[in-house]
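At the far end of the sequence shown sits residue 120, using the numbering used here, and the numbering has no gaps.
All C-beta atoms in this analysis are idealised placements derived from N, C-alpha and C, irrespective of residue type, glycine included.
Just so we're clear, the structure is a prediction, and the values are computed from it rather than from any experiment.
Right, one structure below, let's go through it.
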Amino acid sequence: MEASDHPHDSTEENQTVDVPVQTAPSTFHANKDFEADSDPMAKGPEVLAKGLSTMLSTIIRDFDCRAQETFKSQDQLCFALDRLTRDVEAIQRKLELNSPSSLKEAYTRLS
Numbered sequence: 010m011e012a013s014d015h016p017h018d019s020t021e022e023n024q025t026v027d028v029p030v031q032t033a034p035s036t037f038h039a040n041k042d043f044e045a046d047s048d049p050m051a052k053g054p055e056v057l058a059k060g061l062s063t064m065l066s067t068i069i070r071d072f073d074c075r076a077q078e079t080f081k082s083q084d085q086l087c088f089a090l091d092r093l094t095r096d097v098e099a100i101q102r103k104l105e106l107n108s109p110s111s112l113k114e115a116y117t118r119l120s
C-alpha cells in the first residue's frame, strides 16, 4: 500500500490510544469543610441555632429555678394557713366553752 499525502489515510487510523484521564474531586464534597470555614454565611444557620439553643436553655433553667422557688413558697404559705386555721379553730372552741355570748360578739364585730 502506498503512503498517502493525506494524514487520515494511514494504516494506524483504526488503532485506539488510551489516555489516562484524571478527574478532579468534586468541589462541593471535597472542599465543603473549607468553604464552610471560610464563608461566614454558610455557618449562619448553625451559629444562629446554637445561639438560640444557649439562650433558651438559660431562660428555661431560670424559669425552672423560679418555678421551684414559687412551689416552695406556696407550700410554706399553705402550711402557715393550715396552722393559723387550726389556731383559730382552737380559739373558737375555747370561746364556745367559756362563753357563747362572747363568740357571738366577736362574730358581729368582724362582720
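When only Cα atoms are considered, Glu-98 and Ser-82 end up about 24 Å apart. Straight-line spacing of the CA atoms in Gln-101 and Asp-91 works out to 15 Å.
In the three-state reduction of the DSSP assignment, Ser-108 falls in the coil class. Put simply, the backbone Cα of Glu-78 is about 39 Å away from that of Leu-104.
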